[in-house]
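Student:
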Amino acid sequence: MTFSLDLPAVPPDLLALGEPTHGESAFLQIRNEVFASLVERGYLSIALESDRAAGLTAHDFVRGDAGVTLDSALAEGFSHGFGSAPANRDLLLWMREWNTGRPASERLTFHGFDAPLEMDHAPSPRRHLAQVCDYLGSDRFAEIDDLIGADARWSDPAAIWEQGRSIGRSADAHRLRVIADDLLTELHLRAAQRPEGWQAARVWATSALALLRYHAEAAAPLPQDARFARLAQVRDALMAENLLAIREVEAHRGPTLVFAHNRHLQRDPGTMTVAGTDQQWFGAGAIVGALLGDRYAVIVGSLGASPTLGIDAPPASTYEGKLQDGTDLPRYVRAADVEAAEKRSHDYRYFPLDAATIAHADGVLHIPTGVDPAALADRILALPDVEQFVASAENGSPEGAWGDRFFYVGPDRRQPFATIVEHDVPGFDEASQLDRPGVFRLNLELGRAEFERLFGFAPGDFEAHRDSFDFARLDTVVPHPGYALHGFASIVMPGPQMLPEIDRLLAVAHARAVDRHERASRRAR
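Per UniProt numbering, the very first residue in the sequence shown carries number 1; after that it's consecutive.
1. Does DSSP put His486 in a helix, in a strand, or in coil?
2. Please work out which residues of its chain come closer than 6 Å, Cβ to Cβ, to Arg127, disregarding the five sequence neighbours upstream and downstream, and give them in chain order.
3. For Met95, is the classification buried or exposed, using 16 other Cβ atoms within 10 angstroms of its Cβ as the cut-off for buried?
4. Quick check on the burial criterion: 16 or more other C-beta atoms within 10 angstroms. Buried or exposed for Val178?
5. Roughly how many whole angstroms lie between the Cα atoms of Glu19 and Asp461?
6. Which whole-angstrom value describes the C-beta separation of Leu353 and Leu506, a residue pair presumed to lie in contact below a C-beta threshold of 8 Å?
7. Which residues in the same chain as His366 place their Cβ atom closer than 6 Å to its Cβ, once the five residues preceding and following it in sequence are excluded?
8. Is Leu309 helix, strand or coil when you go by DSSP?
9. Could you give the residue range of the beta strand (DSSP E) that holds Ile363?
10. Counting only runs that start and end within the stretch 1-31, where is the beta strand (DSSP E) found for 3 or more residues in a row?
11. Determine the extent of the beta strand (DSSP E) in which Gly447 is found, giving its start and end residues.
12. For my contact list, Ala47 and Thr256 are in at a C-beta cut-off of 8 Å; report their separation, rounded to the angstrom.
13. Quick check: the Cα distance between Asp503 and Ala374, rounded to an integer number of angstroms?
14. With a threshold of 8 Å on Cβ separation, who are the neighbours of Ser138 within its own chain once the five nearest residues in sequence on each side are excluded?
15. Using 8 Å as the cut-off, can you tell me whether the stretch 70-80 makes contact with the stretch 50-61, which would need three or more C-beta pairs spanning the two stretches below that distance?
16. With DSSP collapsed to three states, give me the class of Asn262.
17. For Phe417, name the three-state secondary structure that DSSP assigns.
18. According to DSSP, which residues form a beta bridge with Ser45?
19. In the stretch 53-106, which residue ranges form an unbroken alpha helix (DSSP H) of at least 4 residues, counting only runs that do not cross its ends?
20. What does the alpha-carbon distance come out to for the pair Arg202 and Asp60?
21. Considering only their Cβ atoms, is the gap separating Ala159 from Leu212 smaller than 8 Å?
22. Please classify Asp312: is it buried, with 16 or more other beta-carbons within 10 angstroms of its beta-carbon, or exposed?
23. Check this for me: beta carbons of Arg436 and Thr21, under 8 Å apart or not?
24. If you reduce the DSSP assignment to three classes, tell me which class Phe406 lands in.
25. Quick one: any contact between the stretch 493-501 and the stretch 389-399, if contact means 3 or more CB pairs under 8 Å?
26. If we ignore side chains and look at the alpha-carbon of each, how far apart do Met1 and Leu329 end up?
27. Just how far apart, CA to CA, sit Asn242 and Gly283?
28. Leaving out the 5 sequence neighbours to the left and right, which residues in its chain are closer than 8 Å to Leu309 when beta-carbon positions are compared?
29. Which whole-angstrom value describes the C-beta separation of Thr318 and Ala341, a residue pair presumed to lie in contact below a C-beta threshold of 8 Å?
30. What residue does the beta strand (DSSP E) around Arg213 start on, and which one ends it?
31. Between Asp294 and Ala361, what straight-line distance do the alpha-carbon atoms span, to the nearest angstrom?
32. What does a CB cutoff of less than 7 Å around Leu485 pick up in its chain, not counting 5 residues either side in sequence?
33. With a CB to CB cut of under 8 Å and the five nearest residues on each side skipped, what residues in its chain are close to Ser345?
34. I'd like the span of the beta strand (DSSP E) that includes Arg479, first residue to last.
35. Is Tyr348 helix, strand or coil by DSSP?
36. Is it right to say Asp175 is buried, meaning 16 or more other beta carbons lie within 10 angstroms of its own, or is it exposed?
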């Protein structure tokens, strides 16, 4: 890691790490590094802003359940589409690898802590109550199924925006809440008889109740702006309830890392504008922080620029601008050491830092910039005598390579020393899974000596070692899956914390290209 977290000698029960926006992969990639380092300090669990009930599938995968594949863990184990984030794939794989061969008491656990809903719609509790009935062997599901009726009347987005469309306070919904509460009571009555699977059944039961509460709030006879603001408050209250329940489960094993949007983790009240009216509410972090005191700590995320999201570098007078501090490397700063500054102008794509959030935080993790293909290309083009070729229809390149970048020293373009590619080559180069949205790969020609220094074997011996590498993992220098025999290495989606190593490897590859070019020039004389 290129930075460290200044934590107290006695770690907090819940350490929250926030991000100011969803969609900048750098935060997730650094989160993975932070968690790996915290595991060495006794943290054995992580909780993400994702549906808690869905997270049971991801948890089964990291615990080594042979019946859960990686694809199903990503597709079914996350909500809000977060399973498509490449860094979440890496997180699950790393946790599963860590757990292999370790006793149960030392294994890592995965949790979601969100309710099973989106802000603007929520499903029926059918699936959740079915799971509880199945665990209990209860015959009440026929009545539940009849009361729920068509799922569409629950999941209709209009039911959130229009109070009259919601069935959350209907006689059927009220009866379902009574049944769900009865089932939760029955779970506790049966706990001594069947402890195996009990915790998961409890998650399904409490998730069903959470859905029914949310639907009831959607039907509240309030003006739309007040009702929608209250729904935001209720969602955060449900998150807080889940975090406290997770700590109840994990308390005897060690602390928990929590990762979510800053607004859900900060101690100070959050604000948002609904229908032209400013609304304020206390997020999950404020609730949990009030109840746990110094057993809760929060590090808020700060973002300088994001090429991926189209966010430019911040003005120097803002908090983010001062945190840039002339570096493009992520840095951790104690909240007390953050200089006073101006609040960055509002941008719907992210929430900038403000004085209140910093004052109520323990630290700030600042990422000066995300990394995308164009930013990496600029870094390579800053080296002497480098020329770039970008594949396109106009220059006759095959369609499968359009947008890929090739970098040369000198105008002859005989052999690139670096490439940035965004496409798989079917039947030849698919191991990096570059068909995933937003994924790219940096390839570098390093030569035998550097290749052997990195991997411990010569390029010619690559095939004997191929199976020991995960070529799709982010932030990892690996042999190129197609051109390792020629001394090429590759890195999929390097985050900003990788930039020093990238610069070092670029210098090696560039120096070799300069040497080749000079030797070719001498031969041509």
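Quick reminder that beta carbons are idealized off the backbone N, C-alpha and C, glycines included. Just so it is clear, the structure is predicted and the values come from calculations on it, not from any experiment.
Tutor: Let me lay it out:
1. helix
2. none
3. buried
4. exposed
5. 42 Å
6. The pair is not a contact, with the Cβ atoms about 32 Å apart (cut-off 8 Å).
7. Ser302, Leu323 and Arg331
8. coil
9. The residue you asked about is not Ile; residue 363 is Gly in the sequence shown. Run containing Gly363: Gly363 to Thr369, per the beta strand (DSSP E) assignment.
10. 14-19
11. No beta strand (DSSP E) contains Gly447, which is instead part of the alpha helix (DSSP H) from Gly447 to Phe455.
12. 6 Å
13. 15 Å
14. Val132, Leu183 and Glu186
15. yes
16. helix
17. coil
18. Thr109 and Thr256
19. 55-62, 70-76 and 86-99
20. 16 Å
21. no
22. exposed
23. no
24. strand
25. no
26. Interpretation of Met1 is limited by its pLDDT of 42, a score under 50 that renders its predicted location unreliable; the figure taken from the coordinates is listed afterwards. Computed Cα separation, rounded: 11 Å.
27. 13 Å
28. Thr21, Gly23, Glu24, Arg349, Tyr350 and Gly370
29. 6 Å
30. Arg213 -> not in any beta strand (DSSP E); alpha helix (DSSP H) instead, spanning Trp198 to Ala218.
31. 11 Å
32. Pro459, Gly460 and Phe462
33. Pro352
34. It is Pro, not Arg, that sits at residue 479 in the sequence shown. Run containing Pro479: Val477 to Pro479, per the beta strand (DSSP E) assignment.
35. coil
36. Asp is not the amino acid found at residue 175; the sequence shown has Arg there. Flag for Arg175 reads exposed.
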